[in-house]
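Colleague: The end of the sequence shown is residue 549 by our numbering, with every number in the run present.
Yeah, the Cβ is synthetic: ideal placement off N, Cα and C, and Gly gets one too.
Because the structure is a prediction, the values reported are computed rather than measured.
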Amino acid sequence: MISVDALAVEFSGETLFKDVSFTINENDKIALMGKNGAGKSTMMKIIAGKQKATRGGVSCPKDTKIAYLPQHLLTQDDATVFEEASKAFSHVFIMKAEMDELNKQLETRTDYESDDYMKIIERVSDLGEKYYALEDVNYDAEVEKALKGLGFKQEDFTRATSEFSGGWRMRIELAKILLQKPDLILLDEPTNHIDIESVIWLEDFLVNKANAVVVISHDRAFIDNITNRTIEVTMGRIYDYKAKYTHYLQLREERRQNQIKAYQEQQKFIADNMAFIERFKGTYSKTNQVNSRERMLEKLEIIEVDEVDNSALKLKFPPAQRSGDYPVTVKDVSKSYGDHTVFNDASMSIARGEKVCFVGRNGEGKSTMIKAILGEIDVEGECTLGHNVQVGYFAQNQAALLDNDLTVFQTIDDVAKGDIRTQVKNVLGRFMFKGDDIDKKVGVLSGGEKTRLAMVKLLLEPVNVLILDEPTNHLDLKSKDVLKEALLEFDGTLILVSHDRDFLQGLANKVFEFKNQRVIEHFETIDAFLERNKIETIKDLDL
């Protein structure tokens, strides 16, 4: 059992949270929830021992192993993928190497009665007891299973980690954590950089093989599938629910309604007493009663109602010209990089108003096809955009295209048209830009903040073909809801690449699957496709 005791964190005199206490039991699967800035990541870092609290602390039994996966990693480039993942067992290999070295010394030394010789025997005995108590594991097989489950192919194992993007390096680090089988796994947004099949594999691992888990995630389906407990961080305190996320939302709403009722009753009580004080202040016969009520009000602890974003703001794409019947046509398109073929003889016709989804493992060509459609890369075959097409494109690196010299407000005000101009601050607020944030220069924003700003900008531009490549990686649940509502009402053509199942559900009515150098068209919703493939995928990955 890991115990969080009276934890408090203060920055520059402001309290992030105070007197927070809870326990993490063996096999607890906890979703750590709360709005951005509530202190979720800070709390996780403190539990991981990466940050110190202002007061309070974390206690756990001796030899408890806690593994932590942050949102961003600084990785070294001194190994292959397989070698880096194998570092999960480095303590075992080091132990074995030391035992072998000491046994060699025992074979050659003749000072049998010396203290040094006896110390070597004691050390070998101690190491042997620990080593042979370990579960008999085929370490190479375990590493291979974890890497393949997280999307790596056999040929990737011997490639240098430096050849991979940050997202893929995150997967290597995740593999190392899972292979260590720690007592507690702390995951901060683990699904941001992995595809649907890898998410399903990760869910299965966390539910069936991991011990305790604490996770921060904006992927509703993911946290609902793996957690059995929800801890909400809000307004400097926590609420602990023995419930999955979906049930927690219902309980939270009930709690808030009770808070509102209690707050209203308290305000009436305060008003009645204030009226009595004002009426009888200075009346000699009522002096004691007036003083008593004044003291009572001074000591009264005001009921707080938890913060909830009740804004009814809905975003809708501004109207654009009507496009031709087939805004996107791909005919016999092939693309290779050297000896590596991404896809071969791919064809697709996307009709006006269709909402389609590209799915498949990372590296199968989804983003490459988008670049081909936009004419950003050369390919064999034909990619054609139809009549009157106005493309809105959100790339994974969209943040890099923003003007760093503009403020957040200027960036959005420059593209806002019509009535929405009067709501720019509200729009930005829904995407977590509030108060002084709107006056910040784009150049000082973090990568995640720039991504959210780029999404707001895209939502306000008139387009009739919208291409989104992993648009939700840095959006919180409320922002994703705003985006999804806008996309559901979008009357143009949508091409969507995403690994976020909850976000995808209800959006796409046709699926293009990228697999084994082919592009396969499925005339079904993304919901039906995922339902049909989920069992097959897990079975395939377990082979």
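Rounded to a whole number of angstroms, what is the C-alpha to C-alpha distance between F509 and L133?
Modeller: 50 Å
Colleague: From G286 to K305, what does the alpha carbon distance come to, in whole angstroms?
Modeller: Residue identity check: residue 286 is Phe in the sequence provided, not Gly. Taking the straight line from one Cα to the other gives about 20 Å.
Colleague: What are the partner residues of M354, as DSSP defines its beta bridges?
Modeller: V336
Colleague: Give the straight-line distance between the Cα atoms of Q272 and K486, rounded to the nearest whole angstrom.
Modeller: 36 Å
Colleague: Per DSSP, which residues does V365 bridge with? Please list them.
Modeller: E519
Colleague: Who pairs with S65 in a beta bridge, going by DSSP?
Modeller: BP columns for S65 point to S9.
Colleague: Give the C-beta separation of V213 and I191 to the nearest angstrom, bearing in mind that I take them to be a contact with Cβ-Cβ under 8 Å.
Modeller: That pair is no contact at about 12 Å.
Colleague: Just to confirm before moving on: does the CB-CB distance between G498 and V462 stay below 8 Å?
Modeller: no
Colleague: I'd like the span of the beta strand (DSSP E) that includes K35, first residue to last.
Modeller: Here the beta strand (DSSP E) through K35 covers K35 to M39.
Colleague: When the Cα atoms are used, what is the spatial distance from G330 to L464?
Modeller: 22 Å
Colleague: Would you mind giving the Cβ-Cβ distance between S340 and E386, rounded to the nearest angstrom? I have them listed as a contact below 8 Å.
Modeller: Going by Cβ atoms, the distance from S340 to E386 rounds to 4 Å, so yes, they are a contact pair.
Colleague: With distances taken from CA atoms, which of T428, N394, G398 and V205 is nearest D230?
Modeller: V205
Colleague: Give the straight-line distance between the Cα atoms of A534 and N350, rounded to the nearest whole angstrom.
Modeller: 26 Å
Colleague: Please classify E238 as buried or exposed, where buried requires at least 16 other C-beta atoms within 10 Å of its C-beta.
Modeller: buried
Colleague: Would H346 be called buried (16 or more neighbouring beta carbons within 10 Å of its own) or exposed?
Modeller: It counts as exposed.
Colleague: For T240, report the span of its beta strand (DSSP E) as first-last.
Modeller: R235 to T240
Colleague: What does a CB cutoff of less than 6 Å around F520 pick up in its chain, not counting 5 residues either side in sequence?
Modeller: G366, E370, G371 and K372
Colleague: Can you tell me whether D315 is buried or exposed, with buried defined as 16 or more other CB within 10 angstroms of its CB?
Modeller: Low confidence applies to D315: its pLDDT is 47, below 50, so where it sits in the model is not reliable, and the reading given next is rough at best. So D315 counts as exposed.
Colleague: With distance defined between alpha-carbon atoms, name the residue in G157, I36, S223 and I232 nearest to D210.
Modeller: Of the candidates G157, I36, S223 and I232, the residue whose Cα lies closest to the Cα of D210 is I232.
Colleague: Bridge partners of H346, per DSSP?
Modeller: Looking at the DSSP assignment, H346 forms a beta bridge with Y343.
Colleague: Taking the C-alpha atoms as reference points, what is the distance between M39 and A91?
Modeller: 30 Å
Colleague: CB-CB under 6 Å to N198, same chain, minus the five flanking residues each way: which ones, in chain order?
Modeller: N479.
Colleague: So, are the CB atoms of V336 and I379 less than 8 Å apart?
Modeller: yes
Colleague: To which residues does DSSP link I206 through a beta bridge?
Modeller: Bridge partners of I206: none, in fact.
Colleague: Out of curiosity, what's the CA-to-CA distance linking S504 and A227?
Modeller: 14 Å
Colleague: Using three-state DSSP, classify L549 as helix, strand or coil.
Modeller: For L549, the predicted model reports a pLDDT of 31, less than 50, meaning its position is unreliable and no value from the coordinates is stated.
Colleague: Have a look at G242, R243 and R258 and flag the residue whose alpha-carbon is nearest the alpha-carbon of A249.
Modeller: R258
Colleague: Just the C-alpha distance for R538 and K41, rounded to the nearest angstrom, thanks.
Modeller: 34 Å
Colleague: Count the other CB atoms, across all protein chains shown, that sit within 10 Å of the CB of Y138; report buried if there are 16 or more and exposed otherwise.
Modeller: exposed
Colleague: Can you check which of these residues, K151, Y251, G392 and G359, is closest to L208 by C-alpha distance?
Modeller: K151
Colleague: Figure out for me which residue from K446, V448 and F415 has the closest Cα to the Cα of N432.
Modeller: F415
Colleague: Who are the near neighbours of P76 in its chain, counting only those whose CB is closer than 7 Å to its CB and skipping five residues on each side?
Modeller: Closer than 7 Å at the Cβ level, and outside the excluded window around P76, lie D194.
Colleague: Which parts of the region 479-531 are runs of the beta strand (DSSP E), unbroken and 3 residues or longer, counting only runs that do not cross its ends?
Modeller: 499-503, 516-521 and 524-528
Colleague: Among all the DSSP beta bridges, which residues are the ones paired with E388?
Modeller: K337
Colleague: Can you list, in chain order, the residues of its chain with a C-beta nearer than 7 Å to that of F28? Leave out the 5 residues immediately preceding and following it.
Modeller: V10, I237, I244 and D246
Colleague: With a CB to CB cut of under 6 Å and the five nearest residues on each side skipped, what residues in its chain are close to V395?
Modeller: S329, P333 and V471
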